[in-house]
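Chains as they are written, first to last, in the working numbering: chain A, 5 to 231; chain B, 5 to 231.
Number of protein chains: 2
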Amino acid sequence: MRSKSSVLETAVLGLLNDSPLHGYELRKRLNLVLGSFRALSYGSLYPCLKSLVTRGLIVGAASNEAPPHALSGKRARIVYTLTADGKEHLQSVLASSGPAAWEDDSFDVRFAFFGQTDAETRIRILEGRRSRLNERLENVRDSSARTRERLDEYTLELQRHGLEQVEREVRWLDGLINTERDRRRARTAGVTPGASLTADAQPAAPDQINPYVVDDEGRDTDSKERG
Amino acid sequence: MRSKSSVLETAVLGLLNDSPLHGYELRKRLNLVLGSFRALSYGSLYPCLKSLVTRGLIVGAASNEAPPHALSGKRARIVYTLTADGKEHLQSVLASSGPAAWEDDSFDVRFAFFGQTDAETRIRILEGRRSRLNERLENVRDSSARTRERLDEYTLELQRHGLEQVEREVRWLDGLINTERDRRRARTAGVTPGASLTADAQPAAPDQINPYVVDDEGRDTDSKERG
DNA sequence: TTCGTCATGTAATGGGTTACATGATTAC
DNA sequence: GTAATCATGTAACCCATTACATGACGAA
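Below, the structure is given as structure tokens:
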């Protein structure tokens with residue numbers, strides 16, 4: 005249950021859970037998920053795959069010909085597949101909903117694999133991220149209130165813009181959380197799913213108390229060194 | 005003219021150009037500028053200061069008492085000041101407007117010090133960043149067009165949201181560029197400045213050709229490994 | 001035949017964090 | 001007296017990038 009599982013590892017395992025892939029292809033898909041759209045280097049990917057093999061979470065098999073959807077023989081490449089251990093590990097990672105799941109670096113990956121994540125976990129992560137962002141917003145507004153006047157025009161504008169981006173992300177989360185709740189309600193009522201992810205962000209309960217469970221991943225909420 | 009000058013170094017020099025500061029205080033201000041609002045660790049800051057001292061760009065002086073605005077004796081701390089070399093170096097960094105100035109990591113710092121930057125350079129950096137983002141947008145839309153159908157709901161939503169954020173930043177840049185141009189026009193006409201940074205983003209010329217000058221910082225535009 | 005893309009890797013390097021170590025000063 | 005904040009630093013480590021090395025395949 006302990007193993008750190010970096011963002012990259014989670015992403016690799018998550019993708020391989022959909023279908024076996026070789027490194028080169030893996031990288032391309034990774035770029036769509038990781039950080040939005042930035043190139044991950046092979047210098048990170050291959051050592052990561054190596055390590056996963058060593059730990060028995062995936063296996064690599066040289067596949068010379070006839071890939072599933074017989075395109076063309078191409079060339080020898082190593083197709084990686086999840087092992088039973090790997091699947092188990094992935095499930096445990098995907099089941100966690102502590103701070104580690106909603107911090108900047110990991111949230112995106114976790115969100116990208118929401119399709120393989122339990123509905124309650126999804127909600128917990130979304131709410132966790134939202135309160136994390138709100139907390140940050142509060143900090144910035146506080147410190148801004150104290151130092152606003154002695155900041156020049158551009159610094160101020162940069163701050164304003166940053167704040168706005170975060171506020172927008174909070175509203176995005178509001179919408180997603182509402183959608184998830186609607187779905188939950190529909191599920192328990194036994195109705196066919198109707199809610200779409202792109203539903204408008206209803207104003208949501210004005211004061212959402214969110215007693216998120218910090219059950220895993222060590223790492224508690226009150227770390228100093230934040231403001 | 006060559007020296008790499010990391011983001012952190014630029015930020016430090018830029019802040020010290022306003023007024024001499026000691027490490028602890030420096031860090032707090034750095035956090036407002038760098039990456040928006042994230043804690044920079046002393047483990048990065050102090051070695052950086054050390055290196056700047058070694059290279060003669062700043063000098064540290066133990067200041068035991070009477071800080072400028074006589075608060076209280078506090079305690080021995082090391083107040084850093086820019087040297088002539090340091091000022092010169094900073095000016096040359098601030099004068100550069102190549103790709104290195106508008107990439108993700110450095111753009112924020114450069115923008116934060118626009119108050120100390122030449123107007124033409126400001127425009128060039130803003131335009132450079134905008135075309136960088138547009139280029140990225142194009143790439144994502146292209147690859148999205150090819151793989152859209154086999155992506156699940158959440159991955160798709162993540163991508164949509166990422167795209168939206170970037171589009172928003174482009175509009176932000178549109179506004180800033182217009183403001184800068186207005187100011188330039190006002191300047192050459194000898195009028196008192198009236199344009200505010202928060203002016204609405206006019207639709208801007210529908211197709212802005214931007215022949216940005218890649219004059220410094222090695223690093224050309226057509227690096228592979230991007231899509 | 002040469003260029004672009006597919007494909008897999010390693011070594012050096014870089015830029016940061018965390019944890020550690022230390023100690024004075026201030027507020028409760 | 002004791003906790004929080006001020007203040008400065010070092011050492012170990014992490015995770016990723018860049019540059020390098022290699023080579024096959026398909027298309028121009």
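Ideal Cβ positions, reconstructed from N, Cα and C, are used throughout, including at glycine.
As the structure is a prediction and not an experimental result, all values here were calculated from the model.
Linking residue 180 (chain A) to residue 193 (chain A) through their CA atoms gives a straight-line distance of about 20 Å.
Against residue 116 (chain A), the close residues of chain B are 158, 159, 162, in the order they occur along the chain (beta-carbon pairs closer than 7 Å). Per DSSP, the continuous alpha helix (DSSP H) segment holding residue 97 (chain B) begins and ends at 88-99.
Annotation: residue 106 (chain A) has no Cβ neighbours in chain B at a cutoff of 7 Å; minimum Cβ distance is about 14 Å.
Put simply, the CB of residue 151 (chain A) is near chain B, with a gap under 9 Å to one of its CB atoms. For residue 63 (chain A), the uninterrupted beta strand (DSSP E) segment begins and ends at 62-67.
Put simply, the backbone Cα of residue 18 (chain A) is about 44 Å away from that of residue 201 (chain B). Taking a 10 Å sphere around the C-beta of residue 58 (chain A), we find fewer than 16 other C-beta atoms and assign the residue as exposed.
In terms of Cβ geometry, residue 90 (chain A) and residue 157 (chain B) do not form a close pair [threshold 9 Å].
Ranked by Cα distance from residue 136 (chain B), the first of B:51, B:32, B:173 is B:173. The three-state reading of DSSP puts residue 59 (chain B) in coil, since its state is none of H, G, I, E or B.
Between residue 30 (chain A) and residue 38 (chain A), the gap from beta carbon to beta carbon reaches 9 Å or more. Beta-bridge analysis with DSSP links residue 82 (chain B) to B:66. With respect to the C-alpha of residue 127 (chain B), the residue from B:24, B:109, B:101, B:47 having the closest C-alpha is B:101. Residue 44 (chain B) sits in coil when the DSSP states are folded into three classes, being neither helix nor strand. Residue 85 (chain B) and residue 50 (chain B) have their C-alpha atoms roughly 14 Å apart. Short of 8 Å from the beta carbon of residue 54 (chain A), and not among the five residues preceding or following it, lies no beta carbon of its own chain. The stretch 108-116 of chain A and the stretch 151-168 of chain B touch, with three or more beta-carbon pairs separated by less than 8 Å. At a cut-off of 9 Å, the C-beta of residue 185 (chain B) has no neighbouring C-beta in chain A. For residue 183 (chain A), the CB contacts under 8 Å within the same chain, skipping 5 residues up- and downstream, are 199, 200, 201, 203 in chain order.
Listed as beta-bridge partners of residue 26 (chain A) by DSSP are A:83.
Not a single C-beta of chain A is nearer than 9 Å to the C-beta of residue 21 (chain B). Residues 122, 125 of the same chain have their beta carbon placed closer than 7 Å to that of residue 99 (chain A), with the five preceding and five following residues left out of the count. For residue 180 (chain B), the three-state secondary structure derived from DSSP is helix. With a cutoff of 9 Å on beta-carbon distance, residue 23 (chain A) and residue 93 (chain A) are scored as not near each other.
With a 10 Å radius around the Cβ and a threshold of 16 neighbouring Cβ atoms, residue 196 (chain B) comes out exposed. Burial is judged here by how many other beta carbons sit within 10 angstroms of a residue's own beta carbon; residue 110 (chain A) has at least 16 and is buried.
One thing to note: residue 67 (chain A) has its Cβ no nearer than 9 Å to the Cβ of residue 12 (chain A).
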